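Chains as they are written, first to last, in our numbering: chain D, 258 to 486; chain E, 4 to 408. Each residue gets a CB set at the ideal place from its N, CA and C atoms; glycine is no exception. Small disclaimer: the values here were computed from a predicted structure and weren't measured. Remarks on the structure that follows.
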Amino acid sequence: MAKKGAIIELRDVWKTYQMGATTVQALRGISLQIFEDEFVAVQGPSGSGKSTSVNMIGCLDLPTKGSIFLDGKDISKLSESELAQIRGRRIGFVFQQFNLIPTLSAIENVMLPMTFQGVPFEKRRERAENLLKLVDMDDRANHRPSELSGGEQQRIAIARALVNDPEVVLADEPTGNLDSKTGAMIMDFLKKLNKEGKTIVMVTHDNNLARKAERVIFLKDGEIVKHLS
Amino acid sequence: MIRDYLRISFFNFKNRKLRAFLTVVGILIGMTAIISLISLGQGMKDAINSEFESVGIDRIIISAGGASFGPMGSSLAVKQLTEDDLDVVKKSKGVEKAEGILFKTAKIEFNGKVVYAQVGGTPTDADSRKEIENVGLFKVEDGRQFKESDKYAAILGYSVAHDMFKKDLKTGEKILINDAEFKIVGLQRKVGSIIHDNLVRIPLSTAREIFNEKTEVSSIFARTNPGFVPSDVAENIKSDLRKHRNVKEGEEDFSVQTSQQLISSLNTILTLVQVVITGIAAISLFVGGVGIMNTMYTAVTERRKDIGIMKSIGAKNSHILILFLIESGMIGIVGGALGIILGFGISFLVQLIAEAYGIVTLKASFSLFLIGGALIFSFLMGTISGVTPAIQASKLQPVEALRKK
Ligand SMILES: Nc1ncnc2c1ncn2[C@@H]1O[C@H](COP(=O)(O)OP(=O)(O)O)[C@@H](O)[C@H]1O
Ligand SMILES: [Mg+2]
């Protein structure tokens, strides 16, 4: 399959969380590579470390032990603001809870990632409008998230994830809070994005959805237990 | 960029109106105090200065009893000053001129209406007249000053002529003072001093007759010789009067004050008032700052998730920091703006009240410079109060921030 170099590589990544007196071993030596243009699904029971892995891939979290390479370079050497730049430009996050800013309108939410990249207002507005059209939400541009259905909010979230034209879209159970019909629609959209050249990593419980991916990684207790391609 | 921050911050501010308002109260009170203090402070100084410019700084006022501020202190318990004391003062080293004035509260009647006012019996010999007429507070705008031959003649203060009776009194009209008929010969101009605008002047000799006071003088007004320092002359007068009235140093039953002392005691009071108001302002601003800090900590906790979201879509720590600093600055500026409005409102009210009481010189000053400075100050105040919460917000780990509590 993908013969080009990996965009992102996790090499023997461990993550330990301290919860008061108890330590939680979220990841125990995960190694994986994400290649350009692929569609990877991550599966596993709740608490198995799927979100933690995806957050590592998206440079949102750093390992307790082990290394993460972006384009072959170790990101542990990067500063906080350089990591923020990577998240802003090269990665697009889509979450299960949509995670829109509740006080901003749909279009303002979509414009926000560009704000942090210093894109001028007019350009942001134009680009956000185009993306809202792409997810078929242009007629809801000025609504607050609370005025939108789950499926609509997730479409806004996808528009936001795409607005800085990232290479990789990380979707952590994007259909988890949606009914199956809406979920299928979101899935089709992600699939279409993948065809257009985006690398997609998607966490899902749904075997039917996972089957549509090129590659499936199974996690259990913070370890990769199965790897299907 | 700033505009975007403002949008994001201001949205949050708008959604929490009540809390934002409560947060703002401290800054509001503090700024109100500062603004009214500054805008009135200059007016107060001007008022005092102009009052004393018209009196002159080479004046010394001697009155019976302990230290008092004006010529009104003629209570029964104290040993009064007399013409003899006046003679002593006139002979004191450094005294150029001195006059005694007899002040009494008297019944004034015009057209059947009775009011009570201060009547001042002033000497009408040529020398004394010249002295009195030179004082700005006794200038006449209509009619004339006294002549040596005047007996039952009166010169009215502005308020007596224009405010006390139903109609304005005019020169040539007659009034009754303690049932004796006087002809109005002059009307004083408005001088903005309650005492002088409410005074009726009559010749001293006539005052002695109608009040049946043979020798008493209520106050002695002395002018110093230009070659002497007023405070030295005051000491000379004090020592001479002690000898004459047979009292020990420190037990004086009279007071001697130079007009400079009067100015400085008024300035002391003014300074005291300013210190107290500044203190109140400082405390309010401090409380306001703590309030903003508290509100911002709450905001950081409430917006944890938003912070996580923003970081996941590319916000740097510095973006989050600026966002919260601008938000706390906005709270400061809103408090400051309300304080500025309220402060100027109070100043304007004080000015109106002062005008109603005839203190025309007490003008509130309104300057754009002051408004701009106050706005910048309150923005900085809010920003500084928000520094530690903003740092806390900016340092949140994105994954931690995103997790539901
Ligand atoms: N920030 C955190 N603090 C403490 N424990 C955490 C944190 N994030 C994840 N965990 C724990 O790590 C384990 C893996 O979590 P997660 O990656 O979210 O699993 P999944 O997404 O597969 O359900 C869980 O036991 C979870 O409770
Ligand atoms: Mg998860």
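### Message
Between which residues of its own chain and residue 113 of chain E is the CB-CB distance below 7 Å, once the five residues before and five after are set aside?
### Response
168, 172 and 178
### Query
By the criterion of Cβ-Cβ separation under 8 Å, what are the contact partners of residue 318 of chain E in chain D?
In chain order: 341, 345 and 373.
### Query
What do you reckon, is the C-beta of residue 557 of chain D under 7 Å from a heavy atom of ligand 2?
With chain D covering 258 to 486 only, the question about residue 557 of chain D has no answer from this structure.
### Task
Find the residues of chain D that neighbour residue 315 of chain E, judging by a C-beta separation of less than 7 Å, and give them in chain order.
317, 344 and 350
### Query
Any idea if residue 470 of chain D is buried or exposed, counting beta-carbon neighbours within 10 angstroms, 16 or more meaning buried?
buried
### Three-state secondary structure (DSSP) of residue 400 of chain D
coil
#### Entry: Min CB distance residue 364 of chain D to chain E below 8 Å
no
### Query
Under a Cβ-count criterion, where at least 16 other Cβ atoms within 10 Å of its own Cβ denotes burial, should residue 276 of chain D be classed as buried or exposed?
exposed
### Message
Let me check one thing: in DSSP terms, what residues is residue 455 of chain D bridge-paired to?
### Response
Within the DSSP secondary-structure output, residue 455 of chain D pairs in no beta bridge.
### Sub-8 Å separation of residue 294 of chain D and residue 352 of chain D beta-carbons
no
### Task
Can you grab the Cα-Cα spacing for the pair residue 446 of chain D / residue 341 of chain E, in whole Å?
51 Å
#### Entry: Segment contact, 8 Å Cβ cut-off, at least three pairs: the stretch 39 to 56 of chain E with the stretch 288 to 307 of chain E
no
### Query
Run through DSSP, which three-state label would residue 82 of chain E get?
coil
### Task
Report the rounded CA-to-CA distance for residue 332 of chain E versus residue 338 of chain E, giving the unit in angstroms.
10 Å
### Task
May I ask which residues mark the beginning and end of the beta strand (DSSP E) holding residue 280 of chain E?
Taken as a continuous stretch (DSSP letters only), residue 280 of chain E belongs to no beta strand (DSSP E), being part of the alpha helix (DSSP H) at 262 to 305.
### Query
Alpha carbon to alpha carbon, what distance is there between residue 414 of chain D and residue 266 of chain D?
26 Å
### Task
Check whether the Cβ of residue 281 of chain D lies closer than 7 Å to any heavy atom of ligand 1, and answer yes or no.
At a cut-off of 7 Å, the beta-carbon of residue 281 of chain D counts as near ligand 1: some heavy atom of the ligand is closer than that.
#### Entry: chain D contact residues for residue 321 of chain E, given Cβ-Cβ distances below 8 Å
By Cβ distance, chain D contributes 338.
### Message
With H, G and I counted as helix, E and B as strand and the rest as coil, what does DSSP make of residue 276 of chain D?
### Response
Strand at residue 276 of chain D.
### Task
Decide if residue 440 of chain D is buried, meaning its Cβ has at least 16 other Cβ atoms within 10 Å, or exposed.
The Cβ neighbour count for residue 440 of chain D, taken over all protein chains shown within 10 Å, is at least 16; the residue is labelled buried.
### Task
Please classify residue 222 of chain E: does DSSP put it in a helix, a strand, or coil?
In the structure shown, residue 222 of chain E sits in a strand (DSSP, three-state: E or B).
### Message
Residues in the same chain with beta-carbon distance under 6 Å from residue 78 of chain E, minus the five sequence neighbours each way, listed in chain order, please.
### Response
In this predicted model, residue 78 of chain E has a pLDDT of only 45, less than 50, meaning its place in the structure is not dependable enough to derive any value.
### Query
Do residue 430 of chain D and ligand 2 come close, with the Cβ less than 7 Å from some heavy atom?
yes
### Query
What residue range is occupied by the uninterrupted beta strand (DSSP E) comprising residue 206 of chain E?
202 to 206
### Option in D/475, D/425, D/480 and D/450 with minimal Cα separation from residue 392 of chain D
D/450
### Query
For ligand 1, any of its heavy atoms closer than 7 Å to the Cβ of residue 317 of chain E?
no
### Task
For residue 470 of chain D, name the three-state secondary structure that DSSP assigns.
Residue 470 of chain D falls in the coil class under three-state DSSP.
### Query
In chain D, which residues lie with their C-beta within 7 Å of the C-beta of residue 49 of chain E?
Those do not exist, as residue 49 of chain E stays about 50 Å from chain D at its closest Cβ, beyond 7 Å.
### Query
Between D/390, D/307 and D/345, which lies nearest to residue 313 of chain E when the distance is taken from Cα to Cα?
D/345
### Task
Go ahead and label residue 425 of chain D buried or exposed: buried means 16 or more other beta carbons lie within 10 angstroms of its beta carbon, across all protein chains shown.
buried
### Task
Determine the contact status of residue 330 of chain E and residue 291 of chain E, defining contact as a CB-CB distance below 8 Å.
no
### Message
Rounding to the nearest angstrom, what Cα-Cα distance links residue 127 of chain E and residue 206 of chain E in this structure?
### Response
6 Å
#### Entry: Rounded C-alpha distance that separates residue 142 of chain E from residue 55 of chain E
Cα atoms of residue 142 of chain E and residue 55 of chain E: separation of roughly 14 Å, rounded to the nearest angstrom.
### Query
Is residue 66 of chain E near residue 258 of chain E, with beta carbons less than 8 Å apart?
yes
### Task
Evaluate residue 372 of chain E with the Cβ neighbour count: other Cβ atoms within 10 Å of its Cβ, from every protein chain shown; 16 or more gives buried, anything less gives exposed.
exposed
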